[in-house]
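What follows is a single structure, written as structure tokens, with notes after it.
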Amino acid sequence: MRSSEAPKPSEAPKTARAIWGGPLEGGLAPAMEALNRSLDVDWRLWPHDVRGSRAWVGGLKGAGVLSAAEARRLCEGLDQVANQLQALPGPEDLPDEDVHSVIERLLTEAVGPVGGKLHTGRSRNDQVATAFRLWGKEAIRDLRGLHVRMIESLRDRARDAAGLAMPGYTHLQRAQPVPAAHWLLARAWPLVRDLEALAAVERECDVMPLGSGAVAGCPFPVDREALAADLGFAAISENSIDAVSDRDWAARLLFAAAMTGVHLSQLAEDIVLFSTAEFGFARLGGGFTTGSSLMPQKRNPDAAELVRGRTGRLVGNLNALLLVLKGLPTGYNRDLQEDKEALFDSVDTLALSLRVMAGAVESLSFSAGTIESALDAELLATDLADHLVRKGVPFRESHHAVAALVQAAQAKDKRLDELGPADLCQAHPAFGDGAPPVLDAAASVESRAVRGGTAQTAMAAQLDSLDAALASLAPS
Ligand code: ARG
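First residue of the sequence shown: 1116, per the numbering used here; consecutive thereafter.
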């Protein structure tokens, strides 16, 4: 059949002949057909599968299996199939089992029997493993870009917030003053680790299984190194059995997505808490909040809540794939078809969550007055104990003395900084009877000048390190 006479996919018979030779005994049961079909899920692999097939044509030509004319015809046919698929809104009307079957059927319709030569020495087992990795590498790159933007939004807000101190919390109790920028950056560093994990998964994914056949490799002398170079893979798989069944990179990507989801969820939880009337520290921009259908006054932090909620799916998808993998015997098993839905969903979910959270963080406004009024003097109790330490008092002793002072202040209904020299001296003689030490949040923040601490010099060094990490991890 001439290529111009190829039927449009919509004109194809409703039940396509199965790629593996058609009905064994009277065709698949309808329920089995539904279970067997993966086209609605693996549809997004088609550009990668076409790309893999074009490379395979080159490999077969190099191995002497295809003549130059046949190879040219197949490549033209694959271009034509790509155009056909590009024009379709989706796979809904296609009768085929999976993305590989539809491409092979359309190719054969386009170029005639020579289309049947494409599958020489190849199996859907190495084919799907290859297309999935080609897709995976692109997906990871896109995620890395979104990650970088998310981290940059936290960093930029940290820069904006320079000079603003807030309570640092432990057990969700006010603990010690910290720069608000330190809190924001504390939510950025976990994402840097996630970005490192993504870069590692990208390297792991960058290994080409093509040429492994169904399980035992390819009997024709295909140059796999050249194929890998053609497809942009950094390396080729070393064992054909492992190559067709290895989904470790997918599991690791699911873990990286789940871990990132957990980190975004924790940030979301902070935002939800800090935007309550009880805290009153922050407010999300209008693009990231919704109102109530009933209560006119409501401004709900839905962006943060939805991202927090979606994290469940990210963790669930990781579980789903690990459970698919755990019982598999050697070689390719059909269970592996279940890898894609989990990974596609996690990548989509994470991409959306990262975009929403980056925008939400950019939209965040802080109420400096409310934040500063939460910095009560008790947050400086440790500084008071450290003051005694500087006078030679063992810390455990100074801790007891200041604990007694805190209780004394509470008993007198006074703030810690309202106690006089007599109260201090009574708690510990090392306070002396001169003027009490100044209790000041800014001084407390500035006193922690170690790397990783809160002083301005340490904060500047932290920002520099973050910039360096971003520069080294951003996709080029
Ligand atoms: N749709 C299948 C998958 O995703 C393709 C491989 C089918 N292989 C087979 N031997 N039936 O795994």
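Quick reminder that beta carbons are idealized off the backbone N, C-alpha and C, glycines included.
Mind checking whether GLY1594 and THR1223 have CB atoms under 9 Å apart?
Residue 1594 lies beyond the residue range present for the chain, which begins at 1116 and ends at 1591; the question has no answer from this structure.
Taking one C-beta from the segment 1150-1160 and one from the segment 1210-1225 each time, how about it: are there three or more such pairs within less than 8 Å?
Yes: at least three Cβ pairs fall under 8 Å.
Starting from the Cα of ALA1558, find the closest Cα among THR1405, THR1497, ARG1367, LEU1520 and give me that residue.
Of THR1405, THR1497, ARG1367, LEU1520, the residue nearest in Cα terms is THR1497.
In three-state terms, what does DSSP make of ASN1240?
If DSSP states are grouped into helix, strand and coil, ASN1240 belongs with the helices.
Give a yes or no on whether the C-beta atoms belonging to ALA1371 and LEU1313 are separated by under 9 Å.
Yes; because the gap between Cβ atoms is below 9 Å, this pair is in contact.
Starting from the C-beta of GLY1173, find all residues in its chain whose C-beta is less than 8 Å away, skip the five residues before and the five after it, and write them out in chain order.
The answer, listed in chain order, is ALA1186, ALA1341, LEU1342, ASP1345.
Whole angstroms are fine: how far does the CA of THR1445 sit from the CA of GLU1126?
Note that GLU1126 has pLDDT 45, beneath the 50 cutoff, so the model's placement of it is unreliable and the number below is only indicative. Distance between the alpha carbons of GLU1126 and THR1445 is about 40 Å.
Using a Cβ-Cβ cutoff of less than 6 Å, which residues in the same chain neighbour THR1373 once the five nearest sequence positions on both sides are dropped?
Looking at the sequence itself, residue 1373 is Ala, so the reference to Thr does not match. Taken in chain order, the residues that qualify are LEU1429, VAL1430, LEU1433.
Assuming ALA1570 contacts ARG1563 under a Cβ cut-off of 8 Å, what Cβ separation, rounded to an integer in Å, is found between them?
With a Cβ gap of about 6 Å, ALA1570 and ARG1563 count as contacting.
Enumerate in chain order the residues of its own chain whose CB-to-CB distance from CYS1540 is below 8 Å, with the five nearest sequence positions on each side excluded.
Around CYS1540: PHE1546, GLY1547, ASP1548.
In the DSSP assignment, find the alpha helix (DSSP H) that holds VAL1565 and state where it starts and stops.
Looking at the DSSP string, VAL1565 is not in any alpha helix (DSSP H), and its letter there is neither H nor E.
List the DSSP bridge partners of GLN1541.
Answer is none; GLN1541 lacks a bridge partner.
Nearest CA to the CA of VAL1180: which residue from ARG1414, CYS1333, GLY1484, LYS1527?
Answer by Cα proximity: CYS1333.
By the three-class DSSP mapping on this structure, what secondary structure does VAL1283 have?
Reading off the sequence shown, one finds Gly at residue 1283, where the question assumed Val. In this structure, GLY1283 counts as strand in the three-state DSSP scheme.
Rounded to the nearest angstrom, what separates ALA1573 and ALA1296 at their Cα positions?
Distance between the alpha carbons of ALA1573 and ALA1296 is about 12 Å.
Measuring only from the beta carbon, is ALA1329 closer than 8 Å to any heavy atom that is part of the ligand ARG?
Under cutoff, so the answer is yes.
With distances taken from CA atoms, which of ALA1254, PHE1335, THR1404 is nearest GLY1596?
This structure does not reach residue 1596, given that the chain is present from 1116 up to 1591, and the question cannot be answered.
Any heavy atom of the ligand ARG closer than 8 Å to the beta-carbon of ARG1159?
It does not: the Cβ of ARG1159 is nowhere closer than 8 Å to a heavy atom of the ligand ARG.
How far does the beta strand (DSSP E) with VAL1293 in it extend, from its first residue to its last?
Unbroken beta strand (DSSP E) run through VAL1293: 1288-1294.
Pull up the DSSP beta-bridge partners for THR1405, would you.
THR1405 is bridged to ASN1415.
What did DSSP end up calling SER1075 once you bin it into helix, strand or coil?
Nothing can be reported for residue 1075, as the shown portion of the chain is limited to 1116 through 1591.
Among all the DSSP beta bridges, which residues are the ones paired with MET1323?
MET1323 is bridged to ILE1351.
Using only the alpha-carbon positions, how far apart do ALA1146 and GLY1192 sit?
Looking at the two C-alpha atoms, the distance is approximately 33 Å.
I'd like to confirm something about SER1355: is its beta-carbon nearer than 8 Å to some heavy atom of the ligand ARG, or not?
SER1355: no, Cβ never under 8 Å from the ligand ARG.
Compute the minimum distance between the beta carbon of SER1168 and the heavy atoms of the ligand ARG, and state whether it is under 8 Å.
SER1168: no, Cβ never under 8 Å from the ligand ARG.
What residues in its chain sit with their C-beta under 7 Å from that of HIS1378, if we drop five residues either side in the sequence?
So the qualifying residues of the chain are PRO1305, LEU1306, ASP1309.
Smallest Cα separation from PHE1389: which of SER1482, GLU1456, SER1352, ASN1354?
Measuring from the Cα of PHE1389, the nearest candidate turns out to be SER1482.
ARG1530: buried (16+ other C-beta within 10 angstroms of its C-beta) or exposed?
Flag for ARG1530 reads exposed.
Curious, which full-length alpha helix (DSSP H) runs of at least 4 residues does the segment 1469-1533 contain?
Counting only runs of 4 or more, we get 1483-1488, 1496-1505, 1510-1526.
Can you find a heavy atom of the ligand ARG that lies under 8 Å from the Cβ of ARG1237?
False, no ligand heavy atom lies under 8 Å from that Cβ.
Just tell me which of GLU1512, GLN1291, GLU1487 has its CA closest to the CA of PHE1112.
Any question about residue 1112 goes unanswered here, given that the chain covers just 1116 to 1591.
Is GLN1199 closer than 9 Å to LEU1221 when the C-beta atoms are compared?
Yes, Cβ-Cβ distance for LEU1221 and GLN1199 is below 9 Å.
Whether or not the segment 1282-1292 and the segment 1453-1471 are in contact is what I'm after, with contact meaning three or more pairs of Cβ atoms, one per stretch, closer than 8 Å; do they touch?
No: fewer than three Cβ pairs fall under 8 Å.
What is the rounded straight-line gap between the Cα of VAL1226 and the Cα of THR1405?
Taking the straight line joining both Cα atoms gives about 55 Å.
Report the option in ASP1271, LEU1585, LEU1150, VAL1293 whose CA atom is closest to the CA atom of MET1281.
Ranking the options by Cα distance to MET1281, first place goes to VAL1293.
Measure the C-alpha to C-alpha separation of GLU1420 and GLY1427 and round it to an integer number of angstroms.
In a straight line, the C-alpha of GLU1420 is about 12 Å away from that of GLY1427.
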